[in-house]
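Under my numbering, think of the first position of the sequence shown as 8, with each following residue one higher. Idealized CB from N, CA, C, for every residue including glycine. Following: one structure in structure tokens, then a few remarks.
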Amino acid sequence: MDIQEHSYYASFGHASNNLLDGLNMFDGTDGHYFHTGSRGHHSVWDSRLFNYGSWEVLRYLLSNARWWLEEYKFDGYRFDGVTSMMYIHHGLQNQICFFA
């Protein structure tokens with residue numbers, strides 16, 4: 008499907024910096040969907056970072072995921088940059104070993 012190949016739909020865990028895409032700054036605040044201050048910006052990706060600790064953000068992201076699954080009958084998702092979602096340091100310049 009072509010829609011899955013669009014760069015915006017492959018942007019997992021962060022919001023596009025393009026103001027025409029997604030939620031970036033459309034809510035009129037700096038921290039409704041995203042972390043505030045420097046924690047809300049990914050310096051390497053030049054994008055905003057969702058506040059996964061917020062119930063409203065989780066509901067928004069999960070309802071979007073469900074809509075895509077039901078509407079287009081996707082059979083799954085691919086999540087890149089998971090360390091960026093899990094760690095404040097985004098896994099940058101830190102060696103993270105998942106295997107002992």
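Alpha-carbon spacing of residue i relative to residue j, whole angstroms
| i | j | result |
| --- | --- | --- |
| Q100 | D53 | 17 Å |
| S45 | G38 | 11 Å |
| Y79 | H96 | 35 Å |
| T43 | E77 | 32 Å |
| G47 | G83 | 27 Å |
| W62 | L69 | 11 Å |
| F81 | W74 | 10 Å |
| L65 | V89 | 15 Å |
| M93 | G60 | 11 Å |
| N58 | N71 | 16 Å |
| F41 | Y67 | 12 Å |
DSSP-derived helix/strand/coil call for residue i
| i | result |
| --- | --- |
| S70 | helix |
| S45 | helix |
| L99 | coil |
| S91 | helix |
| E78 | helix |
Cβ-based neighbour list, residue i, same chain, cut-off 6 Å, excluding 5 preceding and 5 following
| i | result |
| --- | --- |
| M8 | Confidence at M8 is low in this model, with a pLDDT of 42, below 50, so the placement of that residue should be treated as unreliable; the coordinate-derived value is given next. Correct list: empty, nothing qualifies. |
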